[in-house]
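Residue numbers (this note's numbering): 56 to 522.
Note that the Cβ used here is the ideal one computed from N, Cα and C, for glycine as well.
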């Protein structure tokens, strides 16, 4: 067998022992010494796994967690139930039952979001995702609500076509399918602890269906006060749409069974689709604003108050480029620049500003720079004899002015140009564009200082985000 030749640099610094039975790359010599056959070593080589292999590995990891195993079980049951319901929709030819079955399809996406939340909680920030993987949950909820609305629009489109030519509806499994879909949906809604969906439901604005139901609930609670815990302040939107859609299907079954009014199925499908869009739209808006990294409106007042309090600290002159946004559900991030006096203690100002804002904005980046009020004068530099002698060289053909004259003064005296006109040279002082001299990131409590000349840098171990 022919062995590849190893470069001297690698062979002298790296030795590889593949062990016995590993393809014959390591053998024992006559006196028992180890003879390692050469092969090219790739120190930065990483095996490329397929996407399916990575998915299987992560699912195996999640299955070891108790919560993950429960979610996978509910997911399998919901997939089987949804397939059964789709077969019944085909046999009954009911568009209303199809629209109601889309609730169970949304439940599948909700369970996948819950599974993703379990995976995110067990991941650590990486170099590519320095803030972690929490935004994946936001993207998953946004995609789930948008797909539910697209499905509802598809139902409306099919229902409009059926209004032109209404087919016959078979009611054999219509009522049974409604009961089965209702139980399956309510089981997923109240049996699983989906923190992402729960947060979106509580933080987003109410849908029009919830608002109308809240008005009715207040009237009912005046008569029966014991129902206030169940009906107020507002009902779960997923449970509400399940009850409303089930009621529409029950009315459809009665109208078809008694009067053969097949168009009732089409109108019931349109009503369920409209309720679906109305329920999912506020959630899509809420998660979409998070993905756009907008400042949350409900904390703007608190942020202004904290910034005003922090601006009164000793040594703080002003805040610049304040930027605050929602990183994930309930987690805020922000960055700002602080200009301080030259005699101020950067560490003290840094600690005070961080303590004022960290309770509301846990992930905070602070850049501190001192006020540079002592700047060298460019005009005095241009007036110096050294400048005139170095700039107006006799060898260049330019007319050298008398010692002590400034090219700026000569230009002002002879603005029309000519032989005696000297153009001023733009001098950029190193003090005119001072770099930021202090940088801090919230995270670790230890704040280190290192000084070199006029620069002071304060860094924490939290990396910048690449989102």
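According to the DSSP assignment, residue 314 belongs to the alpha helix (DSSP H) that extends over 292 to 314. DSSP, reduced to helix, strand and coil, places residue 197 within a helical segment of the structure shown. If you draw a straight line from the Cα of residue 316 to the Cα of residue 204, it is about 28 Å long. Nearest to residue 154 by alpha-carbon distance, out of 407, 334, 324, is 324. Burial of residue 425 is indicated by the presence of at least 16 other C-beta atoms within 10 angstroms of its C-beta. Contact between the segment 239 to 259 and the segment 153 to 169 is present: three or more C-beta pairs spanning the two stretches fall below 8 Å. Just so you know, the alpha carbons of residue 349 and residue 380 end up roughly 5 Å apart. Rounded to the nearest angstrom, the Cβ distance from residue 395 to residue 421 is 11 Å, too far for a contact under 8 Å. Under DSSP, residue 387 takes part in a beta bridge, and its partners are 381.
Taking all protein chains in view, the Cβ of residue 409 is crowded by 16 or more other Cβ atoms within 10 Å, so the residue is classified as buried. Contact annotation: residue 201 and residue 304 have beta-carbon atoms that are not nearer than 8 Å. By the Cβ-count criterion, residue 263 is exposed, with fewer than 16 other Cβ atoms from all chains shown falling within 10 Å of its own Cβ.
In the DSSP annotation of this structure, the continuous segment of the alpha helix (DSSP H) that includes residue 163 starts and ends at 150 to 176. Taking a cut-off of 8 Å for Cβ pairs, the segment 107 to 120 and the segment 130 to 137 do not touch, as fewer than three such pairs fall below it. Below 8 Å, too few C-beta pairs join the segment 204 to 216 and the segment 254 to 273 to call them touching: fewer than three. Going by C-alpha positions, residue 371 is about 11 Å away from residue 392. In the structure shown, residue 375 falls within a strand segment according to DSSP collapsed to helix, strand and coil. By the CB criterion at 8 Å, residue 339 and residue 189 fall outside the cutoff. When 223, 367, 193 are compared, the shortest CA-CA separation from residue 312 is found for 223. Per DSSP, residue 317 lies in no alpha helix (DSSP H) segment and is marked neither H nor E. Rounded to the nearest angstrom, the gap between the Cα atoms of residue 257 and residue 289 is 10 Å.
Residue 349 carries a coil assignment under DSSP once its states are collapsed to helix, strand and coil.
At the C-beta level, residue 193 and residue 354 stay beyond 8 Å of one another. Here the C-alpha atom of residue 413 lies approximately 14 Å from the C-alpha atom of residue 360.
With 16 or more other Cβ atoms inside 10 Å of its own Cβ, residue 171 counts as buried. In terms of CA proximity to residue 259, 335 leads the group 228, 322, 335, 283.
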